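Asker:
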Amino acid sequence: MVLLWIVGGGLLMSAIALVGGLTARLEERTLDRLILPLVALAAGSLIGGALFHLVPAALVATGDLAGAMTWLALGFVSFLVLEQALHFHHCRRPSRRRPLTYLILLGDALHNFIGGLAVAGTFILDVRLGVMTWLAAAAHEVPQELGDFGVLIHGGWPRRSALLWNLASGLTFLVGGLVAYFAARHTDVSALVPFAAGNFLYIGAADLVPEIKEAGETPRSLETLAAFVIGLGALWLLSRLGL
-6 MVLLWIVGGG LLMSAIALVG GLTARLEERT LDRLILPLVA LAAGSLIGGA LFHLVPAALV
54 ATGDLAGAMT WLALGFVSFL VLEQALHFHH CRRPSRRRPL TYLILLGDAL HNFIGGLAVA
114 GTFILDVRLG VMTWLAAAAH EVPQELGDFG VLIHGGWPRR SALLWNLASG LTFLVGGLVA
174 YFAARHTDVS ALVPFAAGNF LYIGAADLVP EIKEAGETPR SLETLAAFVI GLGALWLLSR
234 LGL
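Taking our numbering, the leading residue of the sequence shown gets -6, the next gets one more, and so forth.
(1) Looking only at its chain, what residues have a beta carbon closer than 7 Å to the beta carbon of residue 177, apart from the 5 residues adjacent to it on each side?
(2) Would you kindly work out how many angstroms separate the C-alpha atoms of residue 4 and residue 75, rounded to a whole number?
(3) Using DSSP with H/G/I as helix, E/B as strand and the rest coil, what is residue 207?
(4) Any idea what DSSP makes of residue 72, helix, strand or coil?
(5) For residue 105 and residue 127, what's the separation of their Cα atoms in angstroms?
(6) Within the same chain, show all residues whose beta-carbon is closer than 6 Å to that of residue 113, passing over the 5 residues directly before and after it, in chain order.
(7) Taking only the alpha-carbon atoms, compute the straight-line gap between residue 168 and residue 109 and give it to the nearest angstrom.
(8) Smallest Cα separation from residue 217: which of 12, 10, 6 and 29?
(9) With distances taken Cα to Cα, identify the nearest neighbour of residue 70 among 211, 203 and 193.
(10) Please state whether the Cβ-Cβ distance between residue 324 and residue 35 is less than 8 Å.
(11) Under three-state DSSP, which class holds residue 90?
(12) So, does the stretch 44 to 51 touch the stretch 182 to 193, judging by three or more C-beta pairs under 8 Å?
(13) Please classify residue 109: does DSSP put it in a helix, a strand, or coil?
(14) What separation, rounded to the nearest whole angstrom, lies between the Cα atoms of residue 142 and residue 62?
(15) Taking Cβ positions, are residue 232 and residue 45 nearer each other than 8 Å?
(16) Between 157, 56, 99 and 40, which lies nearest to residue 9 when the distance is taken from Cα to Cα?
(17) In this structure, does DSSP put residue 183 in helix, strand or coil?
Here is the structure:
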């Protein structure tokens, strides 16, 4: 049953890569209007998922505060290292140099593989926790894939190729999930829960919050702040409801 959740979640997460095709149907001004609130919502969801779901679950699962915090720190640092190594920041707008488009795909593939490992670890621990973790991760993927697809197109990629390669990089999420599932047969993978929390905190606080802080004029900044609070509040409410 857990394997079905992991495979289903992996395939759905990979399919989110196809959302980039929506950029072809939206005016650039409309897309610009949508992306920042989506990024803010994702930031709130990721941070809320880490604080209200993953960290408490990690403490229950491991019973070791120091150990759980160590894995959380490793999860945080791993994404910092990944971004530094690839010189690519998710959800930002890189230049239109074509070589950078390959870095985007490589970075996205590695990001999704690590995400698949982490999310699968939460499914193995508790399916409900896995669903909450998957939803928070998916909230981040939508604005990221919209941005990535746009960069590939501006970098000279044909629309069809951009969609297919984005989908291929998304499938590494499923690969990571399967690796975690089969590894769980031979070793304890509960450390992946605080590791996932560290991933979420890094993406939300270090990657996305700086984006929404640049919203500009007051009405726009209030709009993004509201979206952030909604994402954070939704995950808090779900935790209070025991979901």
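Glycine included, C-beta positions come from ideal geometry on N, C-alpha and C. All figures in this text were calculated on a predicted structure; none of them were measured in a lab.
Answerer: Looking at the coordinates:
(1) 117
(2) 24 Å
(3) coil
(4) Helix.
(5) 12 Å
(6) -1, 170, 173 and 174
(7) 7 Å
(8) Cα-wise, what sits closest to residue 217 is 29.
(9) 193
(10) The requested residue 324 does not occur in the structure, where the chain is confined to residues -6 to 236.
(11) Low confidence applies to residue 90: its pLDDT is 43, below 50, so where it sits in the model is not reliable enough to give any reading.
(12) yes
(13) It is helical.
(14) 35 Å
(15) yes
(16) 157
(17) Coil.
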